[in-house]
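Reviewing the structure listed below.
2 protein chains.
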Amino acid sequence: MRKRFTRPTQVIHKGQAVSGAYLVTDGQLRVFTYTPQGSEATLYFIRPGETCVLALNCLFNDLRYPVWIESDADTAVDIIPGPLYRRLFECESAVQDLTVKALSTLVFRLMDELEQIHTCNLDQRLANFLLSNASAQGVLQMTQQELAGHLGTTREVVARLMQGFVAQGLVSTRRGAVTVVDTVGLARVVNPSDCIF
Amino acid sequence: MRKRFTRPTQVIHKGQAVSGAYLVTDGQLRVFTYTPQGSEATLYFIRPGETCVLALNCLFNDLRYPVWIESDADTAVDIIPGPLYRRLFECESAVQDLTVKALSTLVFRLMDELEQIHTCNLDQRLANFLLSNASAQGVLQMTQQELAGHLGTTREVVARLMQGFVAQGLVSTRRGAVTVVDTVGLARVVNPSDCIF
DNA sequence: GCTGTTGTGTAGCATTTGCTACAGATAGAA
DNA sequence: TTCTATCTGTAGCAAATGCTACACAACAGC
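Note that the protein sequences, when read in sequence, are chains A and B. Be aware that the first sequence starts at 342, since it is given in my numbering, and climbs by one per residue. Be aware that the second sequence starts at 342, since it is given in my numbering, and climbs by one per residue.
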């Protein structure tokens, strides 16, 4: 079964039961939590070709969904019903591989994220986020509010850091987007003691 | 093959190639990274019956080990060589299940950790750590330095928070150990806006 | 007992981050 | 155009955390 979201949509909310395996074919899903103050913190993205590992988790362990998921605009998702997926997993080695690979990838992403939080301060994490998520032309279509959500901080802080980057000539900002100007310079912000493994 | 560590030992260091699947049968392993300042930050523990998922990851994806691992005193580990494990995974559904379960569990732990970092401040995380890791009698045999490592902070901060807890009559401290006195009170520190899911 | 090592308590300051508040800028709708 | 909603820039203060420095306490070995 395929679902298509034309605009940002809440796909799953915390506590909900999981209906099946989600396979993103287009666009992206965002997995996030809320802070007590109500601001969002992105845990990770699910991109085309990837599946929602948490949904798999919940399927295999009969758990309720532990976080929120929201779709980008223009996102398509294939949904494989839970029981079917479990049957497939038992006999299809391709499905097994896919499952394990997906889980592995996520584990690495989460550990990377954790390590970053422990070892980098916000400007490094922001720089890293910009570098990782900007298009080939260096453009990132995202408001500062959204950026703040991805980093688990607030808009003002992002604005402050952004101004710092602008002052150093590393990026340029405009309403709803950031452009990376000096990739190498930004990388130096992230890097001084190598916080990406 | 079984290995036994009678004293805290560096089992794997970052960048090392992985030789096989590690199955903890006794004691525990600690997976951690270093901050630029040289202090440690624990990512998670591997307890008896569990396997080192990162090692699995590395096996399946031919990666080098991304973090450090250290054993507790008195820890026993079964090591299944990589190629053998991969063969087993292909034909034994029990091994498949074990693998997926192990990965799933870790994903949840990491997400929990991430969520905690985003939503709780240090005193809540410390309180939570004490509650989760104290023995049935409420005793936790650990120096403040080690506690700091587990939370990714420094000894002084732990000492400060600890004093707060002592002042509130929640715990008592002595050299190399902490005793939880008022479990309910500590839980209230963690809880006010429910940061454990 | 003495001595060295390790762990703990405490203080003070620097830095980072969060929060409040408001002004100006930009884009879209009417 | 004007109005409105949203986004951004900025300032200033509060709180949390990190870092340095030192005194004292507990334990181990001699």
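Ideal Cβ positions, reconstructed from N, Cα and C, are used throughout, including at glycine.
Its Cα nearest to that of A/I458, the residue B/T494 stands out among B/T494, B/V519, B/V530 and B/V525. Secondary structure at B/A475: coil, using DSSP grouped into helix, strand and coil. By the Cβ-count criterion, B/T347 is exposed, with fewer than 16 other Cβ atoms from all chains shown falling within 10 Å of its own Cβ.
With the criterion set as a beta carbon lying under 7 Å from some beta carbon of chain B, the members of the region 445-456 of chain A are S445, L447, V448, F449, L451, M452, E454, L455 and E456, in sequence order. For the alpha helix (DSSP H) assignment, the uninterrupted runs of no fewer than 4 residues enclosed by the region 402-478 of chain A are, from N- to C-terminal side, 423-432, 434-460 and 463-474. Think of a sphere of 7 Å around the beta carbon of A/G493: the chain B residues whose beta carbon falls inside it are H459, in chain order. Sorting B/V408, B/V530 and B/S445 by C-alpha distance to the C-alpha of A/L397 places B/S445 at the top. With a 10 Å radius around the Cβ and a threshold of 16 neighbouring Cβ atoms, A/A362 comes out buried.
Non-local C-beta neighbours of A/R516 in its own chain, meaning closer than 7 Å and more than five positions away in sequence, are absent. Under the three-state reduction of DSSP, A/T524 is assigned to helix.
Rounded to the nearest whole angstrom, the CA to CA distance from A/Q485 to A/A500 is 7 Å.
Within the model, the alpha-carbon separation for A/C432 versus B/V519 is close to 50 Å. Excluding residues up to 5 positions away in sequence, Q465, A468 and N469 lie with their Cβ nearer than 6 Å to the Cβ of A/V531 in the same chain. A contact between stretches requires three or more CB pairs, one per stretch, nearer than 8 Å, and the region 427-443 of chain A fails this requirement with the region 383-392 of chain B.
When Cβ-Cβ separations below 7 Å define contact, A/N398 makes contact with chain B.
DSSP places B/Q486 within a helical segment (H, G or I) once states are collapsed to three. Within the region 408-432 of chain A, the residues whose Cβ lies closer than 9 Å to any Cβ of chain B are, in chain order, V408, F430 and E431. For a Cβ distance threshold of 8 Å, residue set E431 of chain B lies close to A/S434, ordered along the chain. According to DSSP, residue pairing for B/Q351 in a beta bridge involves B/E411.
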